[in-house]
Amino acid sequence: MAKIGNIDVGEFPLLLAPMEDVSDPPFRALCKEHGADVVYTEFISSEGLIRDAAKSVMKLDIYEKERPVGIQIFGANLESMLQSVEIVEKSGPDIIDINFGCPVKKVVSKGAGAGILKDIPLMVSLTEAMVKHTKLPVTVKTRLGWDSDSIKIVEVAERLQDVGAAAISIHGRTRVQMYKGEANWTPISEVKNNPRMHIPIFGNGDVDTPEKAMEMRDKFGLDGAMIGRASIGYPWFFREVKHFFETGKHLAPPSLEERIDAARRHLQMAIDWKGEKLGVFETRRHYTNYFKGIPHFKEYRQKMATSDDAADVFAAFDEVERDFAGYEFA
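Residue numbering for the sequence shown follows numbering that gives the first Met the number 0, starting at 0 and increasing by one per position.
Structure representation (structure tokens):
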């Protein structure tokens with residue numbers, strides 16, 4: 000059984016990755032319902048938190064039904080990161096996660112996210128300081144390295160563990176790769192198989208089928224899988240992986256009725272949490288996957304993805320329910 004600090008997260012847990020404008024409370028709630036063992040918030044800027052920036056502070060919202068839940072923060076300034084830990088603690092998360100893996104230019108250019116992979120001593124010292132500054136377990140999400148010539152993840156992971164990291168999630172790409180090419184899980188396996196390592200090592204990157212999750216578990220020997228893009232608009236992915244683990248068979252895909260119900264609930268929760276304008280806007284990216292496979296769907300998807308009025312989107316759901324009644328997904 001994997002444990003993050005004193006938190007038992009089960010045998011080969013499935014973790015919802017922190018994704019900007021995706022891993023918000025409404026979506027986390029849906030993923031939790033469908034089998035996610037641990038969920039993480041969107042990444043939150045430490046500088047934004049200490050400036051009391053509204054968008055950063057809003058991301059601290061968590062709910063009891065999500066637990067165990069981790070709040071992820073990023074930054075490269077020690078004082079700001081320590082102040083943000085104190086702010087984060089007041090929200091009552093189970094875990095504090097440090098983002099040392101985001102490849103986006105605006106984050107990297109400040110030396111944060113994957114930018115810190117150019118300065119491993121700073122990465123280690125920041126982690127150590129944060130571990131000492133809180134009683135909550137501190138985990139790390141990172142990448143293999145900055146580029147293919149600087150992959151030292153076995154050594155880096157060992158150093159992070161030695162300063163108190165409670166678990167490490169590793170994306171199987173370098174920063175230079177961004178999200179291109181295939182994720183390489185072999186170096187992650189080398190971290191796990193290092194006899195000095197005793198904390199959980201979770202794999203991330205390209206886990207988009209139950210078979211790949213099983214491969215990560217059985218072939219690469221990792222302690223769990225962090226799921227990102229495969230879950231967008233498809234929170235059922237978690238239950239499908241677990242069903243495959245238990246039976247060796249694929250679970251039937253969710254019915255049209257299940258998808259419509261999830262889309263409605265998702266949109267309503269988003270509106271309740273962040274207001275109609277943002278709620279409508281930020282759920283748009285999910286609709287392609289919610290209804291993926293339905294033929295001649297462009298007209299309906301366009302209504303969902305272009306309307307700024309919640310009533311119009313709900314009406315589009317009603318049309319889909321009526322016009323495709325009885326449709327069976329392959």
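Cβ atoms here follow ideal geometry from the backbone N, Cα and C, with glycine treated the same way.
Remember, predicted model here, so these are calculated numbers, not experimental data.
Other residues of its chain near residue i: CB distance less than 7 Å, five sequence neighbours each side excluded
i, result
"M18", "E41 and G227"
"W184", "G171, G202, M215 and F219"
"D7", "M0"
"G9", "M0, A1 and D36"
"E318", "Y299"
"M213", "F243 and F244"
Helix, strand or coil at residue i [DSSP, three-state]
i, result
"T208", "coil"
"M225", "strand"
"F313", "helix"
"T141", "strand"
"S83", "helix"
"H285", "helix"
"Q71", "strand"
"F243", "helix"
"V155", "helix"
"F237", "helix"
"A1", "strand"
"G292", "coil"
"S254", "coil"
"L266", "helix"
"S168", "strand"
Pair within 7 Å by beta-carbon distance, residue i and residue j
i, j, result
"L221", "G204", "no"
"P136", "A165", "yes"
"A1", "G223", "yes"
"F219", "S188", "yes"
"V21", "I231", "yes"
"E65", "K31", "yes"
"P24", "W235", "no"
"L250", "Y326", "no"
"G163", "V139", "no"
"A229", "D260", "no"
"K191", "I200", "yes"
"L81", "H132", "yes"
"R174", "P102", "yes"
"A111", "G74", "yes"
"L48", "M225", "no"
"Y286", "M268", "no"
"T126", "L159", "yes"
"V155", "I97", "no"
"R263", "F316", "yes"
Counted within 10 angstroms of its Cβ, other Cβ atoms place residue i as buried (16 or more) or exposed
i, result
"R50", "exposed"
"Y142", "Position check: residue 142 holds Arg in this sequence, whereas Tyr was assumed. Buried, by the Cβ-count rule."
"Y62", "exposed"
"M122", "buried"
"S44", "buried"
"A324", "exposed"
"D308", "exposed"
"R321", "exposed"
"E46", "buried"
"N5", "exposed"
"S55", "buried"
"P294", "exposed"
"T355", "The requested residue 355 does not occur in the structure, where the chain is confined to residues 0 to 329."
"S124", "exposed"
"P351", "This structure gives no information on residue 351, because the portion of the chain shown stretches from 0 to 329."
"T246", "exposed"
"Y178", "exposed"
"D93", "buried"
"G100", "buried"
"D148", "exposed"
"S108", "exposed"
"G180", "exposed"
"A53", "exposed"
"G292", "exposed"
"G144", "buried"
Contacting residues, own chain, Cβ-Cβ under 6 Å from residue i (five flanking each side not counted)
i, result
"P252", "F328"
"T34", "First, the amino acid is wrong: residue 34 is Gly here, not Thr. The answer, listed in chain order, is F237, R238 and K241."
"E275", "A309"
"E157", "R195"
"V153", "E189, V190 and N193"
"D146", "T173 and V175"
8 Å CB neighbourhood of residue i in its chain, flanking five on each side removed
i, result
"R284", "D20, V21, I231 and G232"
"V84", "I72, I95, M129, H132 and T133"
"M57", "K273"
"P209", "E239, V240, H242, F243, F244 and H249"
"V279", "L266, A269, I270, S306, D307, D308, A309 and V312"
"R258", "Y289 and F290"
Short CB-CB distance (under 7 Å) between residue i and chain B
i, result
"H170", "In the structure shown, chain B does not exist; there is a single protein chain."
Inset, instruction - Would you check if there are 3 or more beta carbon pairs closer than 8 Å linking the segment 55-71 to the segment 281-298? - result: no
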